[in-house]
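Notes for the one structure printed next.
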Amino acid sequence: MATQSEPTEQFCNHLVQFTESTFTDEEGIESADAIVSYDEETEQYSIELSLKTNGKVDSEKIEEYKTYLSKTYADVILIIDGEVM
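Per my numbering, residue -18 is the first one in the sequence shown, and the count goes up by one each step.
Next comes the structure, spelled out in structure tokens:
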């Protein structure tokens, strides 16, 4: 597997910071931890986002999060309070 170029790595880091700050601003989200990667073959980004909540995030809101993420990322893994959604 080839290593990512520096500009690609910097952009992935930017996406991580942006996504984490976006979600920690959401009501009910206590912390967010994102991993963004880029597939050079498909030229697409993927994300694994782990959210810790206060237990008051409903399933409708979770679906909104998945829809939001899928507009930016080809592959989305959303983990909320340790459970893959």
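We treat Cβ as the ideally placed atom computed from N, Cα and C, and that holds for glycine.
All values derive from a computational prediction rather than experimental measurement.
In this structure, how does DSSP classify Glu45 when only helix, strand and coil are distinguished?
Per DSSP, reduced to three states, the secondary structure at Glu45 is helical.
Selected residue, minimal CA-CA separation from Tyr49, among Glu24, Glu(-13), Phe(-8) and Glu7:
For the residues Glu24, Glu(-13), Phe(-8) and Glu7, the minimum Cα distance to Tyr49 belongs to Glu7.
Note down the Cα distance separating Gln25 from Glu(-13), rounded to an integer number of angstroms.
Computed Cα separation, rounded: 16 Å.
CB-CB under 8 Å to Thr23, same chain, minus the five flanking residues each way: which ones, in chain order?
So the qualifying residues of the chain are Ala55.
Below 8 Å CB to CB, which residues in the same chain sit around Met(-18) once its five sequence neighbours on both sides are set aside?
Only weak support exists for where Met(-18) lies, its pLDDT of 43 falling under 50; the value from the coordinates is given anyway. In its own chain, leaving out the 5 sequence neighbours on each side, no residue places its CB closer than 8 Å to the CB of Met(-18).
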